[in-house]
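I have placed the structure first, in the form of structure tokens, so that the comments after it can refer back to it.
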Amino acid sequence: MNRESTEISAAEQAYLLAIRQSRGGPALSAADLARRMRVSPQATSAMLRRLSAAGLVTIGESRNGCLSPKGNVEADAIYRRHALAEWLLASVLGIPWAETDPEAILLQSHISPRVEAALEELLGHPEVCPHGNPIDEATAARRPAGG
Numbered sequence: 006m007n008r009e010s011t012e013i014s015a016a017e018q019a020y021l022l023a024i025r026q027s028r029g030g031p032a033l034s035a036a037d038l039a040r041r042m043r044v045s046p047q048a049t050s051a052m053l054r055r056l057s058a059a060g061l062v063t064i065g066e067s068r069n070g071c072l073s074p075k076g077n078v079e080a081d082a083i084y085r086r087h088a089l090a091e092w093l094l095a096s097v098l099g100i101p102w103a104e105t106d107p108e109a110i111l112l113q114s115h116i117s118p119r120v121e122a123a124l125e126e127l128l129g130h131p132e133v134c135p136h137g138n139p140i141d142e143a144t145a146a147r148r149p150a151g152g
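Following this note's numbering from start to finish, the sequence shown increments by one per residue and tops out at 152.
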């Protein structure tokens with residue numbers, strides 16, 4: 006299945022983002038992912054199979070979903086749009102940064118490349134999200150160890 010980023014559904018994007026956000030910690034089991042997504046384990050298994058068929062995740066022996074290289078690139082782009090949406094909500098609209106995440110989840114899948122570029126320019130090319138996390142892997146790689 007060959008798809009462009011814009012063809013990844015909002016639900017698929019939410020799963021990719023959840024898997025991305027679990028990086029660096031213990032592997033996120035399908036059951037943990039289902040709880041995080043607030044859906045049934047069956048729905049999560051079906052989504053992981055769909056994402057696997059699209060080449061975005063690999064499913065491990067313990068049925069945990071891990072981002073494939075292609076999925077990692079997509080998840081990084083989704084997170085970038087998510088962080089830009091958080092900055093828009095916090096710095097332009099005045100929503101407290103601690104409350105921006107659920108709203109950004111609603112917006113991230115609807116930000117086109119054109120709007121993403123305009124947001125980045127408007128917001129001064131932020132390197133971190135409002136919570137202080139690197140906006141993408143390239144920024145994370147530039148950070149000093151322990152930073």
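Cβ coordinates follow ideal geometry from the N, Cα and C atoms, glycine included. Remember, predicted model here, so these are calculated numbers, not experimental data.
Counting only residues of its own chain and dropping the five nearest sequence neighbours on each side, Gly65 has a CB closer than 8 Å to the CB of Ala32, Cys71. The beta carbon of His87 sits closer than 6 Å to the beta carbons of Ala109, Gln113 from its chain, once the five residues preceding and following it are set aside; these are given in chain order.
With a beta-carbon spacing of about 6 Å, Tyr84 and Arg25 fall inside the 8 Å limit used to define contacts. With a cutoff of 9 Å on beta-carbon distance, Ala58 and Thr49 are scored as not near each other. Sixteen is the threshold: when 16 or more other Cβ atoms of the shown chains lie within 10 Å of the Cβ of Pro135, as they do, the residue is buried. The beta-carbon separation of Leu21 and Ala80, rounded to 4 Å, stays under the 8 Å limit for a contact.
Relative to Leu94, the option among Leu127, Asn77, Gln47 whose CA is nearest is Leu127.
Annotated as distal: Glu17 and Leu89, with beta-carbon spacing of 9 Å or more.
Distances from the alpha-carbon of Ala23 to those of Leu53, Glu12, Gln47 put Leu53 closest.
In this structure, the alpha-carbon of Thr63 lies about 6 Å from that of Ser73.
Across the structure, Ser96 and Leu56 are spaced so that their CA atoms are roughly 34 Å apart.
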